[in-house]
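Contents: one structure, followed by commentary.
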Amino acid sequence: MENLFPSLNEILYSYPMKDSSLIPLLQKTQEKYGYISLQTVEQIAEYLKITENQVFGVASFYSQFKFVEPGKCTVKVCMGTACHVRGSQNILNEFKRWLKINPQETTEDKMFTLETVNCVGACALGPIVIFDEDYQGKMKIKNVEELIQKYRCECEESNEDHS
1 MENLFPSLNE
11 ILYSYPMKDS
21 SLIPLLQKTQ
31 EKYGYISLQT
41 VEQIAEYLKI
51 TENQVFGVAS
61 FYSQFKFVEP
71 GKCTVKVCMG
81 TACHVRGSQN
91 ILNEFKRWLK
101 INPQETTEDK
111 MFTLETVNCV
121 GACALGPIVI
131 FDEDYQGKMK
141 IKNVEELIQK
151 YRCECEESNE
161 DHS
């Protein structure tokens, strides 16, 4: 098996080869790579001497684990009750229209991942949209396109700085 994630070994070897290491290994893997790939599932299974189905079964049980590489910027639309009654579904629909993706998908250019969240605990500011860690309160449909352009530019600049 080709090791497409060579630095995963560093994570693997920091945990004992026991079943109880599976969830912490999945968490550290996602923290490092942003998602759990098929290749990392294979490597974790091989290390723990369990089947890939066992690794995937545990990982897919928990909603925190992602199996698709995320975009450079994650857009989260709060769908909690307070945000919902203030129009978060319409905001979500506008993001879907502009980004041409559904929730839990990533744009073709790998720039944005769209997600929904149940409640972010900032109900007085609803509807809330979070771009990475930047909270946008009192969100309006008319601001969606402008925010997408703003964060596209910021993400591109950030990538140029790291090149």
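Residue numbering for the sequence shown is 1 to 163, as defined by our numbering. Each residue gets a CB set at the ideal place from its N, CA and C atoms; glycine is no exception. Given the structure is predicted, the values throughout are model-derived calculations rather than measurements.
query                                                                             : result
Inter-residue spacing [alpha-carbon to alpha-carbon] between F65 and S14          : 20 Å
V129 - partner residues in DSSP beta bridges                                      : V77, Q136
Backbone secondary structure at E69 - three-state DSSP                            : coil
E108 (DSSP reduced to helix, strand or coil)                                      : coil
Under the three-state DSSP convention, the category F117 falls into               : Note that residue 117 corresponds to Val in the displayed sequence, not to Phe. DSSP places V117 in strand when its eight states are reduced to three.
Cα-Cα separation, V129 to P24                                                     : 29 Å
Delimiting residues of the alpha helix (DSSP H) encompassing K142                 : Element bounds for K142: n/a, residue is neither H nor E.
Supposed contact pair K72 and Y110 - C-beta distance, whole angstroms, cut 8 Å    : The displayed chain sequence assigns Lys, not Tyr, to residue 110. Right, their Cβ atoms sit about 7 Å apart.
Reduced DSSP category for Y62 - H, G, I as helix; E, B as strand; rest coil       : coil
Between the CA atoms of T40 and L8 - distance to the nearest angstrom             : 8 Å
For Y151, the three-state DSSP class (helix, strand or coil)                      : helix
DSSP three-state assignment for K32, whether helix, strand or coil                : helix
With 16 other Cβ atoms within 10 Å as the buried cut-off, status of S60           : exposed
Nearest residue (CA-CA) to M17, options L114, T116, V58, I44                      : I44
Burial state of C83, where buried means 16 or more other Cβ atoms lie within 10 Å : buried
Assumed close pair S63, P127 - CB separation to whole angstroms, cut-off 8 Å      : With 8 Å as the limit, S63 and P127 do not qualify as a contact, their Cβ atoms being about 22 Å apart.
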